[in-house]
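S.K.:
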Amino acid sequence: MSAYRRPDIPGSSIFFTACLAMRGDDLLIREVARLREVFREVRTVRPFRIEAIVILPDHLHTVWTLPEGDSDYSGRWAAIKAGFSRGLPAGRLRPSHVRRREKGIWQRRFWEHHLRDEAELSAAISYCWTNPVRHGLVSDPADWPYSSWHRDRGA
1 MSAYRRPDIP
11 GSSIFFTACL
21 AMRGDDLLIR
31 EVARLREVFR
41 EVRTVRPFRI
51 EAIVILPDHL
61 HTVWTLPEGD
71 SDYSGRWAAI
81 KAGFSRGLPA
91 GRLRPSHVRR
101 REKGIWQRRF
111 WEHHLRDEAE
121 LSAAISYCWT
131 NPVRHGLVSD
141 PADWPYSSWH
151 RDRGA
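The sequence shown begins at 1 in our numbering and counts up by one.
Below, the structure is given as structure tokens:
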């Protein structure tokens, strides 16, 4: 197994994409209340700021800013994925899922990009808000209910 290394930059802002193992599923919007609650619980124990988020049927994009002196976003993602999966039926399990006590709901990894400046931060937030339009789910970001657009722009 490869030793996957991620940047270790305390207090950084990071753009993430996390996907379900079963692309094409709509589990994230069917269970959006569960997902929101898990995010709240994890943020209570391990604070971080959500600059933007959009939840799509089978994946989500989000921009976080970690507290100064803290760079452990992987631990937060592990807690979010585990908390969301708890209580849900298992997906298609491979032997590696069984060994690791995983439910096969999420792809193991997530994609991350550390944002280097305000322009990248702004672009990542915009990407989150306009992603439902790119996927053909709505014609206007205001029409997608599972987005921080409503918190930040729609209010």
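For every residue, glycine included, the Cβ atom is placed at its ideal position computed from N, Cα and C.
Owing to the predicted nature of the structure, the values given are computational and were not obtained by experimental measurement.
1) Applying the criterion that 16 or more other CB atoms from any shown protein chain within 10 Å of the CB defines a buried residue, is Thr44 buried or exposed?
2) Give me whichever residues DSSP pairs with Leu20 in a beta bridge.
3) Mind checking Trp111: buried by the 16 CB within 10 Å criterion, or exposed?
4) Just grab the DSSP bridge partners of His150 for me.
5) Please confirm whether Cys128 and His59 have their CB atoms less than 7 Å apart.
6) Output yes or no for whether 7 Å exceeds the beta carbon distance between Val38 and Ile80.
7) When the Cα atoms are used, what is the spatial distance from Thr130 to Arg5?
8) Beta-carbon within less than 6 Å of Glu68's beta-carbon, same chain only, minus the 5 sequence neighbours each way: which residues are those?
9) Can you tell me which of Arg36, Phe15 and Gly83 puts its alpha carbon nearest to the alpha carbon of Glu51?
10) Taking 6 Å as the cut-off, does the CB of Glu31 come closer than this to any heavy atom belonging to the ligand ADP?
M.R.: According to the structure data:
1) The residue given as residue 44 occupies position 44 in the sequence shown. Result: exposed.
2) For the purposes of this step, residue 20 is identified with residue 20 of the sequence shown, where counting begins at 1. In the DSSP output, where bridge partners are listed per residue, Leu20 has Trp106.
3) By one-based count along the sequence shown, residue 111 stands at place 111. Result: exposed.
4) Along the sequence shown, read from residue 1 onward, the residue named residue 150 stands at position 150. Partner(s): none; His150 has no beta bridge.
5) Walking along the sequence shown from the start, residue 128 turns up at place 128. Walking along the sequence shown from the start, residue 59 turns up at place 59. Not in contact: Cys128 and His59 (Cβ atoms no closer than 7 Å).
6) Locating residue 38 in the sequence shown gives position 38, counting from the first residue. Locating residue 80 in the sequence shown gives position 80, counting from the first residue. Closer than 7 Å, so yes.
7) Here the question's residue 130 lines up with position 130 in the sequence shown. Here the question's residue 5 lines up with position 5 in the sequence shown. Distance between the alpha carbons of Thr130 and Arg5 is about 30 Å.
8) In the sequence shown, counting from the first residue as 1, residue 68 sits at position 68. Around Glu68: Gly11.
9) Taking the first residue of the sequence shown as 1, we reach residue 51 at position 51. Nearest of Arg36, Phe15 and Gly83 to Glu51, Cα basis: Phe15.
10) You won't find the ligand ADP in this model; it holds no ligand whatsoever.
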